[in-house]
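**Student:** In the working numbering, the protein residues as written are 7 to 402. Questions regarding the structure given below will be posed in turn.
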């Protein structure tokens with residue numbers, strides 16, 4: 007088997023021991039063109055996508071396009087068979103088209119994935135794209151720690167998404183909530199919204215739960231609760247940058263009742279993420295205020311409640327907003343952080359202008375309008391437990 011296309015009303019059961027095993031020869035995969043003009047008067051249609059832009063992409067191992075009311079369930083496995091000998095070889099080189107997802111859902115509604123194991127994906131494992139009313143329950147999403155771009159589950163411009171009881175161990179972000187780069191975000195203005203993440207375990211990824219960085223359509227009304235993060239680089243991670251655009255609004259975000267162990271930096275808000283070809287330019291990385299215009303993103307309300315993080319390494323928290331468009335509000339309540347005895351140094355956020363080797367730093371907050379701290383304990387930091395710059399109001 008090398009690929010399947012879903013249909014309306016399909017129920018696909020993978021029984022115990024069943025394996026959908028994908029071929030790895032590129033020439034055998036259909037190619038989804040990035041964008042085309044439809045013949046039915048609906049205008050431009052997005053098919054293939056890569057990191058927030060329309061781009062030719064191989065169809066997924068399982069692909070759904072305009073599918074409604076489909077279910078994939080059972081204890082069986084979908085194996086993409088990716089390795090350094092095929093899909094993961096020279097991963098940044100586009101050969102014919104961009105690497106496929108394991109499961110790609112494009113403009114779908116009422117889709118359920120329950121119980122299955124997804125492993126060894128060529129790129130992102132599960133990628134819902136402009137889709138609504140989605141349920142991902144009791145999955146196992148697996149890949150080697152060094153596998154490139156193997157995000158676990160990335161809802162992009164999706165509404166009403168529930169991710170519950172999922173175990174992640176992947177080579178990139180476990181969950182990354184997205185809504186495209188500026189060309190897609192400004193044109194379609196479709197945020198990812200009304201997302202619930204609960205009772206999940208994230209292990210070994212770059213970020214446990216990440217918003218961005220391709221979020222030009224915005225991310226709104228997300229709640230993550232009752233989760234465990236183990237040995238990830240960052241825990242709760244926001245990444246954005248100048249150039250994402252005025253519709254790139256992050257708002258209504260709540261993380262609560264979360265436990266972390268050996269997470270390098272538990273909390274990160276990075277408004278200078280150095281992705282893309284221009285990521286290291288002065289425009290993206292300048293720490294002085296620039297004019298607010300149609301390219302300026304914004305981060306509004308974020309809350310972190312009842313979070314216990316043990317054995318962190320690099321920093322307890324790293325919050326750095328844009329000077330011209332400060333983070334509106336960060337609220338930390340009932341948060342405890344301590345450090346590993348043999349803490350490893352590293353970089354708390356992927357941005358220029360900060361040291362590459364930081365270890366046991368406390369909470370660093372810069373360019374925030376309102377910062378609320380209630381029963382926040384940082385135990386064992388080297389230096390200040392809380393360091394604040396350019397914060398207008400601090401409530402303790």
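The C-beta atom is built at its ideal place from N, Cα and C for all residues, glycine as well.
#1: Take residue 192 as the anchor and find which of 203, 260, 303, 208 has the nearest alpha-carbon.
#2: Could you have a look at residue 345 and say whether DSSP puts it in helix, strand or coil?
#3: Would you mind reading off the limits of the beta strand (DSSP E) that contains residue 370?
#4: Taking the Cβ atom as the reference point for each residue, do residue 247 and residue 221 lie within a distance shorter than 8 Å?
#5: Thinking C-alpha only, which one of 51, 323, 226 is nearest residue 274?
#6: Can you give me the Cβ contacts of residue 182 inside the same chain, cut-off strictly under 6 Å, excluding the 5 residues immediately before and after it?
#7: Report the option in 185, 129, 330, 291 whose CA atom is closest to the CA atom of residue 297.
#8: For residue 203 and residue 283, what's the separation of their Cα atoms in angstroms?
#9: In the DSSP output, which residue or residues are listed as bridge partners for residue 208?
#10: According to DSSP, simplified to helix, strand and coil, what is residue 192?
#11: Any contact between the region 257-272 and the region 339-359? By contact I mean 3 or more CB pairs, one from each, below 8 Å.
#12: Taking DSSP as the reference, what is the three-state secondary structure of residue 247?
#13: According to DSSP, is residue 293 helix, strand or coil?
#14: Determine the DSSP secondary structure at residue 34, reduced to helix, strand or coil.
#15: Considering just the uninterrupted stretch of the beta strand (DSSP E) at residue 272, what are its terminal residues?
#16: Using a Cβ distance threshold of 8 Å, determine whether the region 108-117 contacts the region 65-83, with at least three qualifying pairs required.
#17: Can you tell me whether residue 282 is helix, strand or coil according to DSSP?
#18: Closest to residue 237 by CA distance: which of 24, 244, 272, 231 is it?
#19: Residue 36: which of 126, 106, 144, 362 sits nearest, CA to CA?
#20: Which of the three DSSP states is assigned to residue 165 in this structure?
#21: Going by beta carbon distance, what residues of the same chain come within less than 6 Å of residue 103, once the five residues before and after it are set aside?
#22: When we look at the beta-carbon of residue 326 and count the other beta-carbons within 10 Å, is it buried (16 or more) or exposed?
#23: Here's the rule: buried if 16 or more other CB atoms are within 10 angstroms of the residue's CB, otherwise exposed. What is residue 152?
#24: What does residue 27 pair with, by DSSP beta-bridge criteria?
#25: With 16 other CB atoms within 10 Å as the buried threshold, where does residue 390 fall?
#26: Quick one, are the C-beta atoms of residue 147 and residue 132 less than 8 Å apart?
#27: Any idea what DSSP makes of residue 257, helix, strand or coil?
#28: Look up residue 267 in the DSSP assignment and say whether it is helix, strand or coil.
#29: Considering only the beta carbon of each residue, do residue 87 and residue 27 sit closer than 8 Å?
#30: Measure the alpha-carbon distance for residue 101 versus residue 94 and round it to whole angstroms.
#31: Please report the straight-line C-alpha distance between residue 12 and residue 319, rounded to a whole angstrom.
#32: Can you tell which of 21, 232, 355, 134 has its C-alpha closest to the C-alpha of residue 239?
#33: Do you know offhand how far residue 295's Cα is from residue 50's?
#34: Give the DSSP bridge partners of residue 101, in chain order.
#35: Could you pull the DSSP bridge partners for residue 18 from this structure?
#36: Straight-line CA distance for residue 253 to residue 23?
**Tutor:** On the basis of the data shown:
#1: 303
#2: strand
#3: 367-385
#4: no
#5: 323
#6: 157, 160, 216
#7: 330
#8: 32 Å
#9: 174, 235
#10: helix
#11: yes
#12: coil
#13: coil
#14: helix
#15: 271-276
#16: yes
#17: coil
#18: 272
#19: 106
#20: strand
#21: 37, 62, 63, 64
#22: buried
#23: exposed
#24: 85
#25: exposed
#26: yes
#27: strand
#28: strand
#29: yes
#30: 12 Å
#31: 44 Å
#32: 355
#33: 37 Å
#34: 103
#35: 78
#36: 46 Å
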